[in-house]
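Number of protein chains: 2
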Amino acid sequence: MQHKSKISTVSRVALRIAAFAALYSSAVAFAQSAPLAPREVPAKTIPVPNTVSPELQQIIAQPLRTGWSTPPTTPEGWTHLAESTRATASPNVEAMRARLKVKVEPGTLGGVKIYTVTPEKVLPENRNRMLLQVHGGCYVLNPAEAALPEAMLIAAIGGYRVIAVDYRMPPEAYFPGALDDVMAVYRAVIAKTDPKRVGLIGTSAGGALVLEMGLRAKQLGLPLPGAIASGTPMSDSTKTGDTFYTNAMLDSVLVSTEGFCDAAAAFYANGHDLKDPLISPIYGDMSGFPPTILTSGTRDLLLSNTVRVHRKLRNLGIDSFLQVYEGQSHAQYGRDERIPENREAFTEIGMFMNGHLKK
Amino acid sequence: MQHKSKISTVSRVALRIAAFAALYSSAVAFAQSAPLAPREVPAKTIPVPNTVSPELQQIIAQPLRTGWSTPPTTPEGWTHLAESTRATASPNVEAMRARLKVKVEPGTLGGVKIYTVTPEKVLPENRNRMLLQVHGGCYVLNPAEAALPEAMLIAAIGGYRVIAVDYRMPPEAYFPGALDDVMAVYRAVIAKTDPKRVGLIGTSAGGALVLEMGLRAKQLGLPLPGAIASGTPMSDSTKTGDTFYTNAMLDSVLVSTEGFCDAAAAFYANGHDLKDPLISPIYGDMSGFPPTILTSGTRDLLLSNTVRVHRKLRNLGIDSFLQVYEGQSHAQYGRDERIPENREAFTEIGMFMNGHLKK
Chain A
43 MQHKSKISTV SRVALRIAAF AALYSSAVAF AQSAPLAPRE VPAKTIPVPN
93 TVSPELQQII AQPLRTGWST PPTTPEGWTH LAESTRATAS PNVEAMRARL
143 KVKVEPGTLG GVKIYTVTPE KVLPENRNRM LLQVHGGCYV LNPAEAALPE
193 AMLIAAIGGY RVIAVDYRMP PEAYFPGALD DVMAVYRAVI AKTDPKRVGL
243 IGTSAGGALV LEMGLRAKQL GLPLPGAIAS GTPMSDSTKT GDTFYTNAML
293 DSVLVSTEGF CDAAAAFYAN GHDLKDPLIS PIYGDMSGFP PTILTSGTRD
343 LLLSNTVRVH RKLRNLGIDS FLQVYEGQSH AQYGRDERIP ENREAFTEIG
393 MFMNGHLKK
Chain B
43 MQHKSKISTV SRVALRIAAF AALYSSAVAF AQSAPLAPRE VPAKTIPVPN
93 TVSPELQQII AQPLRTGWST PPTTPEGWTH LAESTRATAS PNVEAMRARL
143 KVKVEPGTLG GVKIYTVTPE KVLPENRNRM LLQVHGGCYV LNPAEAALPE
193 AMLIAAIGGY RVIAVDYRMP PEAYFPGALD DVMAVYRAVI AKTDPKRVGL
243 IGTSAGGALV LEMGLRAKQL GLPLPGAIAS GTPMSDSTKT GDTFYTNAML
293 DSVLVSTEGF CDAAAAFYAN GHDLKDPLIS PIYGDMSGFP PTILTSGTRD
343 LLLSNTVRVH RKLRNLGIDS FLQVYEGQSH AQYGRDERIP ENREAFTEIG
393 MFMNGHLKK
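Here the protein sequences line up with chains A and B, keeping their order.
For the first sequence, the residue numbers in our numbering are 43 to 401.
For the second sequence, the residue numbers in our numbering are 43 to 401.
Take a look at the structure:
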């Protein structure tokens, strides 16, 4: 009954938007004569906001990410960066695992390296459900255990069993290697679990990959999952989106389109068109997508690429929920459960999944 | 049935968030030793985004609002500004009225000046419903017919009957004159219409006033309305909120906290504490609020004050939906239905009301 009423609401959204599109299609077009002048914004000193928790204030006050403007220029350089950041992350990941009291077991599924992440307590309504988590890192970073924080957070806070995919990355495998790997795991998961009981979750490149998975599943005629959580997705890798510019030098994680993330995406694409919807999913046909929750922050370089996906889904009549966190830069919500706002974000994601996945 | 399942979802939200708050209350606090360094952002030239409609691109390309940095300094100056902007708006309002085919009738209700706005076609499910619209203008601007655009937009696009309140403004009446007036109209409306069939809608100062109405209704023991649409609310008039700084000189409407809106709010407050929840409703207790939709834009000076309300409501377990539009400055969505994104925004608002108001 609840599920049916949801579908009816969704249809109503699509019908209503279509109706108004028709109603106004005869509206007079605006004159296109004025030149599109850019906005000149002077230099600014921006205080740490006092409208967030003291814990988050400490994060916001951190300087721009070290080395943001000097991305690697060789395959060996990327491998070295991925390995060094993994080594740095490793003890933090283990400390977080212990705090969250989740069990992490490495394995393979569909021929792909995975981790099975199990919380101390699987919520009763999640007993037959499974989340598939796709890590971020601009398609190039966060191999092995560095992939785990988001999986551990949603396992513990949402009470879900989670499979975290340690997909191949360049130079081992270029586009579409990452997507092929997550699809192989998805196929293996839905062979045993009703897809309507399966949720996808990912952030940044992972946020793009979970959207690309929806597009790819449609291409392959596979059933779609029951819900998607796409966090600050790299939905457009063509440097397109207003906050790439408005939040440049403000976002302390990605900093600018001149930083490592765009360079990494190009390294992954390996000459392939960056506008391919399987690299920049904003350009794909998302009709038929399941309910989708989107997460971003007001300082996020990818805020535009998050709200653009939200609007695209809504205009297709899809149930989609947007949450935006005060003062947060790109993907900061997925790093540490000791920040109260991050617990909020994963609580929302867990509840959204809970409200939409089949029991 | 649908209504009951909604209530149960809402309760679940509150319970879940409370449970996780308890789970993590023993988390080790972060060290508070690091100084909270501000972010130094260099001057930037920001192009008009090509990720919005051509019509919206023209709006975004417009220069900063004329006179933004020289607000009036005398009561007579404010009266003159309100009157001159009303006179400028008047023919545009009439042209929009004609395009939208709505009927506008002036009158009084509860002793307060109002307009009744009736669309060509009231949707069947809205026959017993009524929206009460509270205009923006920093508590000082948009008297008389200048108050009407938002009321006309939601009447035509949502298919609702709307009462637009032409509340008193300073120097005729200072705080809490505007709030007293909208409450008088609300009392008169709910004397004849089940409050669960009444929705409140407002933008900017109006977005704050509809939240203040909820707080004031609780103080007075009046029933709350069935739903609220709060657009880019002046939820915090104390210059507090990250995007007051990050979007300064980027938002072409409000431009900066040094502009006319903060000066106008101080003129309205007339020496009263700006942190009073009836002026800055973010500081109020919103528990028990009805479902609330919030609207903002990525360049909005009040994006933070919008998402802060969204998070506050969600943490109270209240059904609240956030929509953020690419590239839009403060309240631009409420100005002209020929911008496709503006039709989207009011379609969402109309559907949200439709999904939550009693039939």
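Backbone N, C-alpha and C fix where the C-beta goes; we use that ideal spot for every residue, glycine too.
| task | Take Asn134 of chain A as the anchor and find which of A:Met395, A:Arg380, A:Phe394, A:Ile391 has the nearest alpha-carbon. | result | A:Arg380
| message | Between the alpha carbons of Ser132 of chain B and His177 of chain B, how many angstroms are there, rounded? | response | 15 angstroms
| task | Quick one: which residues of the stretch 284-302 of chain B get their C-beta closer than 7 angstroms to a C-beta of chain A? List them in chain order. | result | Residues Asp284, Thr285, Tyr287, Thr288, Ala290, Met291, Leu292.
| Separation of Ser246 of chain A from Ser322 of chain A, as counted between CA atoms | 12 angstroms
| query | Short check: CB of Ile196 of chain A to CB of Leu174 of chain A, under 8 angstroms? | reply | no
| Spatial distance of Ala124 of chain A from Pro113 of chain A (CA atoms) | 11 angstroms
| query | Does Arg350 of chain B get closer than 8 angstroms to chain A when you measure Cβ to Cβ? | reply | yes
| Cβ distance (whole Å) where Tyr310 of chain B is taken to contact Tyr216 of chain B below 8 angstroms | 6 angstroms
| request: Pull out every residue of the stretch 340-371 of chain A whose Cβ sits closer than 8 angstroms to any Cβ of chain B, in chain order. | output: Thr340, Arg341, Leu345, Ser346, Val349, Arg350, His352, Arg353, Arg356, Asn357, Phe363, Leu364, Gln365, Val366, Tyr367, Glu368, Gly369
| message | Quick check: the Cα distance between Gly268 of chain B and Ile391 of chain B, rounded to an integer number of angstroms? | response | 13 angstroms
| said: Just to confirm my understanding: we take Glu368 of chain A, look at its own chain, exclude 5 residues before and 5 after, and list those with CB closer than 7 angstroms. What are they? | reply: Pro91, Thr93, Val94, Thr340
| said: Can you find the residues in the same chain that come closer than 6 angstroms, C-beta to C-beta, to Lys238 of chain B, ignoring five residues on each side of it along the sequence? | reply: Gly268, Lys400
| message | Tell me whether Glu383 of chain B, by its Cβ, gets closer than 7 angstroms to a heavy atom of the ligand ZN. | response | Of ligands this structure carries none, so the ligand ZN is not represented either.
| In three-state DSSP terms, what is Ala206 of chain A? | strand
| query | What residues from chain B crowd round Ile88 of chain A, counting only those whose CB sits closer than 9 angstroms? | reply | Pro80, Arg81, Glu82, Val83, Asp284, Tyr287, Thr288, Ala290
| Buried or exposed by the 16-neighbour rule on C-beta atoms within 10 Å, applied to Ser67 of chain A | Interpretation of Ser67 of chain A is limited by its pLDDT of 40, a score under 50 that renders its predicted location unreliable; the figure taken from the coordinates is listed afterwards. Under this definition Ser67 of chain A is an exposed residue.
| query | So, does the CB of Thr112 of chain B fall closer than 8 angstroms to a CB anywhere in chain A? | reply | no
| task | Specify the secondary structure class of Pro332 of chain B as computed by DSSP and reduced to three states. | result | coil
| query | Taking 8 angstroms as the CB-CB limit, is Thr160 of chain B close to chain A? | reply | no
| field | Whole-angstrom distance between Gln370 of chain A and Asn396 of chain A, CA atom to CA atom | value | C-alpha separation (whole angstroms): 25 angstroms.
| message | Against chain B, which members of the stretch 107-139 of chain A pass a CB distance test of less than 8 angstroms? | response | none
| query | Does the separation of the CB atoms of Ile270 of chain B and Thr348 of chain B fall below 8 angstroms? | reply | Between Ile270 of chain B and Thr348 of chain B, the C-beta gap is not smaller than 8 angstroms, which leaves the two residues out of contact.
| task | Please decide whether Ala271 of chain A counts as near chain B, where near means a Cβ-Cβ distance under 8 angstroms. | result | no
| Can you name, in chain order, every residue of its own chain whose Cβ lies under 7 angstroms from the Cβ of Gly330 of chain A, other than the five neighbours on each side? | A distance below 7 angstroms between beta-carbons, with the five flanking residues on each side excluded, links Gly330 of chain A to the following residues of its chain, in chain order: Lys260, Leu266.
| For Phe394 of chain A, does the three-state DSSP call read helix, strand or coil? | Assigned with DSSP and collapsed to three states, Phe394 of chain A falls in helix.
| query | Taking just the CA atoms, how far does Tyr209 of chain B sit from Val224 of chain B? | reply | 7 angstroms
| query | Going by the CB atoms, is the gap between Leu358 of chain B and Met328 of chain B shorter than 8 angstroms? | reply | At a Cβ-Cβ threshold of 8 angstroms, Met328 of chain B and Leu358 of chain B count as neighbours.
| said: On a Cα-Cα basis, can you pick out the residue from B:Thr288, B:Arg169, B:Ala233, B:Pro319 that is closest to Pro275 of chain B? | reply: B:Pro319
| Which whole-angstrom value is the C-beta distance of Gly149 of chain A and Ala230 of chain A, which I expect to be below 8 angstroms? | At roughly 11 angstroms, the Cβ-Cβ gap does not stay under 8 angstroms, so Gly149 of chain A and Ala230 of chain A are not in contact.
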